[in-house]
Amino acid sequence: MVIRTYNEEQQYLEKISSCAWKIKKGFVPNMKVEGVFYANDALEKLMFDELKNSCHSQGFGGFLPGMKQIANVAALPGIIGKSVGLPDVHAGYGFAIGNMAAFDMGDPKAIVSPGGVGFDINCGVRLLRTNLSEKDVSPVKEQLAQSLFDHIPVGVGSKGVIPMTAKDLEEALEMGMDWSLREGYAWAEDKEHCEEYGRMLQADPAKVSMRAKKRGLPQLGTLGAGNHYVEIQVVDEIYNKFAANKMGIEHKGQVCVMIHSGSRGLGHQVATDALVAMEKAMKRDKIEVNDRQLACAHIRSQEGQDYLKGMAGAANYAWVNRTSMTFLTRQAFAKMFHSTPDDLDMHVIYDVSHNIAKVEEHFVEGKQRTLLLHRKGSTRAFPPHHPLIPVDYQLTGQPVLIGGTMGTCSYILTGTERGMLETFGSTCHGAGRALSRAKSRRNLDYTDVLGALSEMGILMLILIKF
Amino acid sequence: MMEHEFKYAVIGGGIAGVTCVEQLSALCPDDKILLITASSVVKAITNISKVTSILEDFCVVEKPSVYISENCPNVTVKQTRVTNLQAQKHKIITDEDEYEYGKLCVCMGGTPNIISKNCSYVLGIRDTESVQEFQKRIANAQRIMIIGNGGIATELVYEVEDCEVIWAIKDKSISKSFIDAGAAEFLLPQLSQDKQSSTGSAPTKRRKYTIDGNKFRDIGHGTGTALGPDWSEGLLLKGLDKISHNVKIEYNVEVEAVMEKDEYRITLTDAEQDALSVWPVYVKLTNGTVYGCDFVVSATGVTPNTETLLKNNKFEVAEDGGLKVNDKMQTNILDVYAAGDICSAFWNPSPTWFQMRLWSQARQMGSYAAKSMVSHTRNQDILMDFCFEMFAHVTRFFNYKVVLLGRYNAQGLSTNYELLLRVTKGKEYVKVVLKGGQMQGAILIGETDLEETFENLILNKMDLSRYGEDLLDPNIDIEDYFD
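Structure follows, in C-alpha cells:
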C-alpha cells in the first residue's frame, strides 16, 4: 500500500456539508464507490487526529484509522450506494464501528462479511417503561440495584439463573423470542416491539458450531462485563410529546430500564468460525480485499449462506438473552415494590440491533432494489409508514434507542425519510466516544514494575512507550 | 427406597458440596438425595435486605438442614461426621448411622496445614470456624505474624487493622501463586496507606456466600467448611492499637521454630533476657530473625481431607494428596465422584485451564460432578462444562479488583511466550501473555473493563500479532474494537 503524508491524504477528502465529509475514490485502492462520514466539529477533529497519527507512525496493519476502514469497505465487491460512517465512527475489526455498507443481492459478486456485523452479533438495546417515578425509586436505589444483581448475574465466569439445557439452546437458536414466549419468559406484545419480531426466520442451529453452543449455554441470562449494562434511567427531557406518548413515555422523571447486551461468547465464536472458513474460500473464489480482516464470501456461496444462517441463530440467541433479562428485571422490580410487572406497566418500548446484517428493500437511484445491509455499531432507523415497523409507531416512525456510556445520557430518536435516502435508514449506536475511558490510563509509570519483572527472568518483554 | 437408602449422596457442606446438592436436586427433583456435613452448611445467600448501611439482615436458621430443605425438598441433611466409607458396598458409615448410596460425590475439602500443630499460639486459618477464633484473638492483639503467601494470607494482611503485622513469605514477591512480581510491586503501596472503608455497603454483583447459623456443634478440630469469597465481610478484624496498616514483609523465609515465651527465654543470655520485649510467642525465621508476637497465623495451604476415605478404599491419589479424577469427575472407584479441594484434576486439560484450589473452581466442579452423576445414571452422554476451557477467577486484593484469566502467569509455557504490559500507578495493572500471536492469559488489576474482551480473545484464539504492542494502547477502545 502507498504511504502518503497527511497533506496528501487530505486531497481525497472533501467537506460536502456542515456535518458530512466525502472520501473520494483513490483514498485506498480499488474503491468501487465513494465513502462518506458524518461528524460535527468535535468528532471531525477526532477523525482527522486519528488519521494524522496513523500517517506519522507510517504503519499499516495494526489499528487502521476509521477513515481508511470506511474506504477499504468501499472497495468490496458488490457494494452499492456509499460506504457510510455514522457519527462517532471509530476503528473496529475489519469494518469500523459505525460503518454501514449495503450490497446488491442481484449482483453475483456481492459479498457478505462477518467483520461488517461484528463479533457480538445482535448487540443491541432494549428499553422498558414503568409507571414509577424518580421519587419512587430514589430512596431505595441501592436495594433495587442489589435486587437486580441478585436476579441478573454479571461478570466473567458467572452462571445464569434461568435453567437452560442444550436442547433449550437449540430451540432458542432456531426460534428466538418465540422460544421465550413459549416458556413463559415474555409477554406476547414484547415481540411486536422488537426488530424482526425477535426472530430471524433463516436461522439454522446446525450452522452454529458445537464450540459456539458451548460458549453460549452458560451465558444465557447473564449480563457480561464491559460495556453491557442494565441501567435504571429517568426521563430527563421530552422534545416531542406526541411521539413520546405513543411510546408510553408520559412525563419527566418517569423511570425506564435500558438493557444493553448481545450474543457475547456465542456470537464471537460464530463470527470467528466464519472468518476462518471465508479466508479459505477467498482464494478459491478469487476475492481480493485491501485488509485481511475484511474476510468475506459471495452471498450465494456455501460459506456466505452458512454464515447468514449462523448469524441469524446468534441473533435469535441475543434476543432470547435480552428477553430473559427483561423477565428478570420485571421480577426484580415487582419484588422490590411489592407489585406485579403488569401493574407496574413494564412494557417493552422497543428493541433495536446494532450489530447485524439484514436483507431489506431500498430505492437506489429511483429503482427498488433488494440489498444486504451490514450495520455494525449502527442502528436501523425506519421512517413513518414503513411496513416493517409496528402499527402503533406507524405515525411516529421507528423508535431508535441510542444508549449512552456510564454517566452520559441515552436518547430515543425516531427514523426519518431523509435518513432512509442518505444512509439506507441507518444511524449511529452510541452517544459519543468515551474518551474518558482513556483518561485514567495516561500517566503510565512502569519503572518499578520493570525492575521486579526483570528479576523473574522473562525472556521477551514488550513495553508500551507512553 | 428405605430411610437409609439414597439415590445420590454428597459428603461435605462447603461450596462444592452445596453446589453439587443444589444441582442434583434441580436435575432430579424426584430422587432422594443425602448431604452429610460435619459442620454447619455453607449457604448461598440471594435475599439480603439492608438494615443500615453496614448491617445486613439475612435469614439465620437454627438448623442447617432447614435452608437446604426449604429450597430442595428432596434433600436430607445430616450434620454428623463420616467415620468410614465402604465403597464396594456403597455404604457410608457415620458417628450415628449407616447410609447406602447409588452414586456418591465426596467434597470434603482440605485440612489446613499448620506449621506447628501443638502450639496454642499458632492458628490455622482456612475455614469459617478458625476465622471466628481469629476474630476473638485479634481484638486483644498488638502484633501478629502471618505465615503464608496465598489468597487467604494476602486478603488477611490487608483486612487487619489496628495491629502490627509481620508477613513472612517463602517467595521473592507477595501473593506468588496469584500474581507476578510486577503486579505485587503494583499492589504494595496499598499496604502503607490507610485502609479504605469497607466495600460491604455497596451492592455486590455476585452471589454471596456465608455460613449458615450462629450455633453449630463443635464436632472436631479442622472439620469446618472452607472460606468462600466473602469470608471477611462484616467481620471486625481490628486489634488494640490505633493504626490503620502496619505491615512488615519478610521475603524468602520459612519458619525455623516456634517457641512459647519461656521456651525462648531460656535460649538467651541474662543480658538479652533483660532487654527482651515480652510476647506470648516467638517465631524464628530461616534468615535468623526472631519476632515476638501475640499469636501466629498459619495460612499455608491445605492438605486434601482423604484420611477417612483411604482407610478402607484404594483410591488413586495424586502427588498433591488429592483424589485423582477424570474428565467426568470420577475417581477410580466405581460410583464415587469427587469435587473441590479434595480432588486433583487428572484429565488432559484445555491449554488455557489448570486447577487451583479456589472457591470458584469448587463451585464449577460441584455443579459439573452433579451433571456427570445424573447423566451416567440416565445413560446419557455429557460434554464437559465450558468453564473448564479457560481458567477464570475474580477476587479482591488490597482493595483492588483482580481478574485472572487463562495462563495468567504463563504457567506451563516454559520460555516460549511474550508479555504485554500496561501500568498506571495506583489505578490499574494489565498484563497479557501471548504465544504465537494468540492470547493465553491475562492479569487485570483495577477497574479495567477488559475482562470480557480478553476472555473472548483467548477463546476465539485470534491471531493478534499484527497489533504488536499497540494492543494495549490506551487510546484504542479495545473492547469496542472487538465487539
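In order, the protein sequences belong to chains A and B.
FYI, in this note's numbering the residues of the first sequence are 1231 to 1696.
FYI, in this note's numbering the residues of the second sequence are 110 to 592.
Idealized CB from N, CA, C, for every residue including glycine.
Have a look at the DSSP bridge pairing and note the partners of residue i.
i              : result
residue 368/B  : 391/B
residue 1581/A : 1356/A and 1424/A
residue 1251/A : 1245/A and 1267/A
residue 1608/A : 1658/A
residue 1320/A : 1327/A
residue 1236/A : In the DSSP output, where bridge partners are listed per residue, residue 1236/A has none listed.
residue 404/B  : 253/B
residue 213/B  : 118/B and 445/B
residue 659/B  : There is no way to answer for residue 659/B, as the model of chain B reaches only from 110 to 592.
residue 1599/A : 1592/A
residue 1631/A : 1642/A
residue 1314/A : 1266/A and 1330/A
residue 208/B  : 201/B
Buried or exposed: where does residue i fall if 16 or more other Cβ atoms within 10 Å of its Cβ makes it buried?
i              : result
residue 466/B  : buried
residue 1477/A : buried
residue 1418/A : exposed
residue 1443/A : buried
residue 192/B  : exposed
residue 205/B  : exposed
residue 231/B  : buried
residue 138/B  : exposed
residue 594/B  : No statement about residue 594/B is possible, as the shown extent of chain B runs from 110 to 592 and does not include it.
residue 162/B  : Interpretation of residue 162/B is limited by its pLDDT of 31, a score under 50 that renders its predicted location unreliable; the figure taken from the coordinates is listed afterwards. Residue 162/B comes out exposed.
residue 1593/A : exposed
residue 1544/A : buried
residue 1352/A : buried
residue 1317/A : buried
residue 1639/A : exposed
residue 1396/A : exposed
residue 419/B  : exposed
residue 1234/A : exposed
residue 326/B  : Unreliable placement is indicated for residue 326/B, whose pLDDT of 38 sits below 50; the coordinate value is still reported in the next sentence. Its Cβ having fewer than 16 others within 10 Å, residue 326/B is exposed.
residue 376/B  : exposed
residue 1527/A : buried
residue 223/B  : buried
residue 1329/A : buried
residue 1247/A : exposed
residue 1369/A : exposed
What runs of the beta strand (DSSP E), each 3 residues or longer, lie entirely inside the region 493-574 of chain B?
For the region 493-574 of chain B, whole beta strand (DSSP E) runs of length 3 or above, ordered along the chain, are 501-506, 509-515, 527-533, 537-544 and 547-554.
Does the count of Cβ pairs from the region 406-413 of chain B and the region 255-263 of chain B closer than 8 Å reach three?
Yes, since at least three Cβ pairs between the region 406-413 of chain B and the region 255-263 of chain B fall closer than 8 Å, the two stretches touch.
Listed from N- to C-terminal order along the chain, which residues in the region 544-573 of chain B have their beta-carbon within a distance smaller than 8 Å of any beta-carbon of chain A?
Identification of residues in the region 544-573 of chain B having a C-beta nearer than 8 Å to some C-beta of chain A yields 558, 559, 560, 561, 562, 564, 565, 568, 569, 570 and 571, given in sequence order.
Listed in chain order, which residues of the region 1310-1328 of chain A have Cβ atoms closer than 9 Å to some Cβ of chain B?
1320, 1321, 1322, 1323 and 1327
Contacting positions in the region 405-428 of chain B - beta carbon closer than 9 Å to chain A
none
Taking 8 Å as the cut-off, does the region 1464-1477 of chain A touch the region 507-522 of chain B (at least 3 CB pairs, one atom from each stretch)?
no
Assess contact between the region 126-144 of chain B and the region 481-495 of chain B, defined as three or more Cβ pairs (one per stretch) separated by less than 8 Å. Is contact present?
yes
Looking at C-beta atoms only, is the number of pairs between the region 1545-1564 of chain A and the region 1577-1589 of chain A that lie closer than 8 Å three or more?
yes
May I ask you to list, following chain order, the residues of the region 1347-1365 of chain A that have a beta carbon less than 8 Å from some beta carbon of chain B?
1348, 1349, 1350 and 1353
Sufficient close CB pairs (3 or more, under 8 Å) joining the region 1393-1404 of chain A to the region 1595-1609 of chain A
Fewer than three pairs of CB atoms, one per stretch, sit closer than 8 Å, so the region 1393-1404 of chain A makes no contact with the region 1595-1609 of chain A.
Residues from the region 469-497 of chain B in contact with chain A, defined by Cβ distance under 9 Å
469, 472, 473, 476, 492, 493, 494, 495 and 496
Flag this pair as touching only if the region 419-439 of chain B and the region 382-394 of chain B have three or more C-beta atom pairs under 8 Å; answer yes or no.
With fewer than three CB-CB distances shorter than 8 Å, the region 419-439 of chain B does not count as touching the region 382-394 of chain B.
Mind pulling the alpha helix (DSSP H) runs of 4 or more residues that sit fully within the region 1516-1552 of chain A?
none
Can you list, in chain order, the residues of the region 1412-1433 of chain A whose Cβ is nearer than 8 Å to any Cβ on chain B?
none
In chain order, what residues of the region 497-519 of chain B put their CB closer than 8 Å to some CB of chain A?
Those residues of the region 497-519 of chain B that come within reach of chain A (Cβ to Cβ, closer than 8 Å) are 498, 501, 502, 503, 512 and 514.
Looking at chain B, which residues of the region 1627-1645 of chain A have a Cβ within less than 9 Å of any of its Cβ atoms?
none
Three or more beta-carbon pairs under 8 Å between the region 1341-1355 of chain A and the region 1555-1572 of chain A, yes or no?
no
Count the C-beta pairs between the region 359-376 of chain B and the region 388-399 of chain B that are closer than 8 Å, then say yes if the count reaches three, no if not.
At 8 Å Cβ cutoff, the stretches touch.
Spell out a yes or no on whether the region 549-556 of chain B and the region 498-518 of chain B are touching, meaning 3 or more CB-CB pairs, one atom from each, closer than 8 Å.
yes
Cβ contact (3+ pairs, closer than 8 Å) linking the region 562-572 of chain B and the region 526-536 of chain B
no
At a cut of 8 Å, does the region 1372-1383 of chain A reach the region 1503-1521 of chain A through at least three beta carbon pairs?
The region 1372-1383 of chain A, when compared against the region 1503-1521 of chain A, does not touch it at the 8 Å Cβ threshold.
With a cut-off of 8 Å, do at least 3 Cβ pairs link the region 1354-1363 of chain A to the region 1331-1345 of chain A?
no
Could you run through the region 1480-1498 of chain A and flag, in chain order, every residue whose CB is less than 7 Å away from some CB of chain B?
1495 and 1498
Meets three-Cβ-pair contact criterion under 8 Å: the region 1505-1515 of chain A and the region 504-515 of chain B
no
Quick check for students: name the residue ranges of the alpha helix (DSSP H) that lie wholly in the region 458-485 of chain B, counting only runs of 4 or more.
none
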